[in-house]
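Just so we're on the same page, the numbering used here is the position in the sequence shown counted from 1, plus 207. Each residue gets a CB set at the ideal place from its N, CA and C atoms; glycine is no exception. As structure tokens, the structure follows; a few thoughts come after it.
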Amino acid sequence: MLKPEARLKVTLLGGFHAQLEPGRALVLPTKKAQALLAYLTLPAGQAHPREKLATLLWGDMADAQARGNLRHALSRIRKALPRTARSGMILDGPSVALDPSVVDVDVARFERLVADGRPEALEQIAGLYRGDLLAGLTLAERPFEEWLTSERERLHELAIQALGRLLTHQQQGGGAEPAVQTGLRLLALDPLQEPVHRAVMRLYARLGRREAALRQYQLCVDALKRELSTPPEAETTQLYQEILRSRATRPDRAEVSGPASGAVAPAPIAGRRSTGSTALPEAPPQTNLPAPTSELIGRATALAEVTELLGVHRLVTLIGAGGIGKTRLALEVARELGPSFADGVWVAELAPLSDPRLVPVTVAVALGLTLPAGAESPERVASALAAKRLLLVLDNCEHVIEAAARMAEALRRANPHARVLATSREPLRAPGEYIYQVLSLEVPAEGTEDREDLLEAAAVKLFVARARAVELPFPPDAHTVAITGAICRRLDGIPLAIELAAARTATLGLEELAARLDDRFRLLTGGHRTALPRHQTLRATLDWSYELLPAIERTVLHRLAIFAGGFTLAAASRVATTAALDAPAVVDSVTNLAAKSLVVVEIGGAATRYRLLETTRAYALEKLTASGELDQVA
């Protein structure tokens, strides 16, 4: 038996972590070993038949091989434990169990607190539920994934119900500020709970923070529009109008309860909380980064380079075409740098915003700042962070570019210890900005026939991984790999396009998919339902960039589509210049389109050349045809 001071502590909510108290980490080298240990703890003490465990984790293998892999994984777990701890694993003939007296699992504590139901128990849940069960851990085996999905949904729903009960109790008890934090935590788990949005609006109004209440309404509108394409309910709109009228007759007062101006309040997305001046235990890591849902493929060099750049530069902007993977890379960099920032790494998601004035508000909410009503300017938000050692990710800046630049500059001026990592389709053009171009994934060179060379290309690796993630058969024979390489070349190595294409093979097959790529915008749809709308189809991704262009740049982009290969500025001027559009304006437009990641610049040789990615060219050619100008330009 383990000594009491050496109990095994397992954290599963928000990701896998295990340690032997009082602090020795338990390192398990494979995801299968982590998954096996996690399964044995839910609940600890339950005997699991070896046959069931083998099927759960190695169901696609022959029985003998699956049982052998199970023995190997159990052996790895036992070897990771100190000798005195190994008796905690009960290997009893045909079954396996963990001694419940020697393991402390956060899920078990979470469920006990939910069952308790008292307010003091419910308050602890907000800090204990750090995220989805085993966030970031995915396996290809369907039995395990089905079990994991079911358990994740069950625990997620329990957290929502428990926090809902806590919110009701806090509202009835008059604790407006703690209730606001609980409401925001609830909305971080489920942003579509319109009654909770209304509750937070009323609580803000009760605190005299009517500007915050009005902003909460805007966040509600944005969430409903983004996820459901529906307007808010009449009750929500009526509440908004009532608060708006009350603001006209009674200006907001400075907050008198809760933290003083500039203080850092709980960050609801990360699950931090406070009751007055008493800090509750089990504070989660200082971050609101979402857990990764898949492996980052083909970005090892970029990850190392951007990580190094942030050690030198206080503002780094990742720029690149839509769907190129800027956000995914930025989040991975932030995770990598997490231990380097004492006050955490945080992401402010700007894509849902329709009003640039909400940029500093979004940053404040992401970091859990509580400021006096009406004081959420970039400068005030930056001032509140002046002493913090943190990394802030400003994600998707292009449609609120000036406001994002002002926020980054304000933080740079106020805090020499802070770092900002921005993602955008064009540079922020803020002082001190270092621009890092995120390129397409490597594709196989034209004419490559060697199977191993084809499989080494990052774009092909991504296609294969995504195809297998949705359990599509992918025989790695030379013919299959060659077709995959050709598809990846046609899609310019753009990760979003490759992921959409890989998912499409479930219904079309590889050869049919390759044959239909001329109609790629109709073909490549059906992205993740939880993704932003512009990342659910290939056309929507390009629409987002196109709609941000001024009319002159749209016209020039259309006309550049006639170039099947590259072009020079002189050639661009010849095809795009008209009576209403002179050559200097065309040159400026090409330069701007390059800055906005819609034109690729190729420096080398006698003259700089430019080109459109094939996907961008196909889109621009559609626009040129629709404009009726194709015959005039061609």
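The DSSP assignment places 296 to 299, 302 to 305, 310 to 312 as complete runs of the beta strand (DSSP E) inside the stretch 259 to 338, in order along the chain (cut-off: 3 residues).
Cβ-Cβ distances below 6 Å link G343 to G222, A498, P499 in the same chain, with the five nearest sequence neighbours on each side left out; the list follows chain order.
Leaving aside the five residues that flank M268 on each side, none in its chain has a CB nearer than 6 Å to its CB. For the set L220, L235, G338, the Cα lying nearest the Cα of L396 is the one of G338.
By the Cβ-count criterion, V806 is buried, with 16 or more other Cβ atoms from all chains shown falling within 10 Å of its own Cβ. R316 and A594 have their C-alpha atoms some 35 Å from each other. In this structure the stretch 811 to 827 touches the stretch 760 to 775; the number of beta carbon pairs closer than 8 Å is three or more. Rounded to the nearest angstrom, the gap between the Cα atoms of M614 and L446 is 30 Å. Under the three-state reduction of DSSP, K595 is assigned to coil, being neither helix nor strand.
Boundaries for T218: no alpha helix (DSSP H) harbours it, while the beta strand (DSSP E) harbouring it runs 215 to 218, taken from the DSSP string.
The residue among L410, A420, T508, C427 with its C-alpha nearest the C-alpha of E401 is C427. If you draw a straight line from the Cα of S294 to the Cα of A304, it comes to about 11 Å.
From the listed residues L800, V763, A347, the smallest Cα separation to A783 is found for V763. Approximately 6 Å separates the beta-carbon atoms of A280 and K239; this is inside 8 Å, confirming the contact. When the five nearest sequence neighbours on each side are left out, the beta carbons in the same chain lying within less than 7 Å of the beta carbon of Q644 are those of I526, G527, in order along the chain.
Approximately 6 Å separates the beta-carbon atoms of L669 and P702; this is inside 8 Å, confirming the contact. About 5 Å separates the CB atoms of A369 and V321; that is less than 8 Å, so the two are in contact.
Residue pairing from DSSP places S631 in a beta bridge opposite I526. In this structure, A406 keeps its C-beta atom at 8 Å or more from the C-beta atom of G380. Going by DSSP, I367 is part of the alpha helix (DSSP H) stretching over 349 to 380. Counting along the chain, the unbroken beta strand (DSSP E) around L227 starts and ends at 224 to 227.
For secondary structure counted as the alpha helix (DSSP H) over 4 or more consecutive residues, the stretch 648 to 699 holds these complete runs in sequence order: 658 to 663, 665 to 676, 685 to 697. Residue range 552 to 556 is occupied by the beta strand (DSSP E) that includes V552. Beta bridge pairing from DSSP links R816 with E809.
Shown here, L601 sits in a strand according to DSSP, grouped into three states. R542 carries a helical assignment under DSSP once its states are collapsed to helix, strand and coil.
Per DSSP, reduced to three states, the secondary structure at Q644 is strand. CA-to-CA, the gap between S590 and L574 works out to about 13 Å. Rounded to the nearest angstrom, the gap between the Cα atoms of K830 and L421 is 39 Å. Closest by C-alpha distance to A571, out of T630, V588, E348, is V588. Residue burial is scored here from C-beta neighbours: A254 has fewer than 16 other C-beta atoms within 10 angstroms and is therefore classed as exposed. Distance between L516 and V523, taken at the CA atoms: about 7 Å. The beta-carbon distance between H404 and T443, rounded to whole angstroms, is 7 Å. This is short enough to meet the 8 Å contact definition. Checking the DSSP bridge columns, you'll see P256 partnered with S302. Counting along the chain, D725 sits inside no alpha helix (DSSP H), nor does DSSP assign it H or E at all. In the same chain as R413, and ignoring 5 residues on each side of it, the C-beta atoms closer than 6 Å to its own belong to A383, in chain order.
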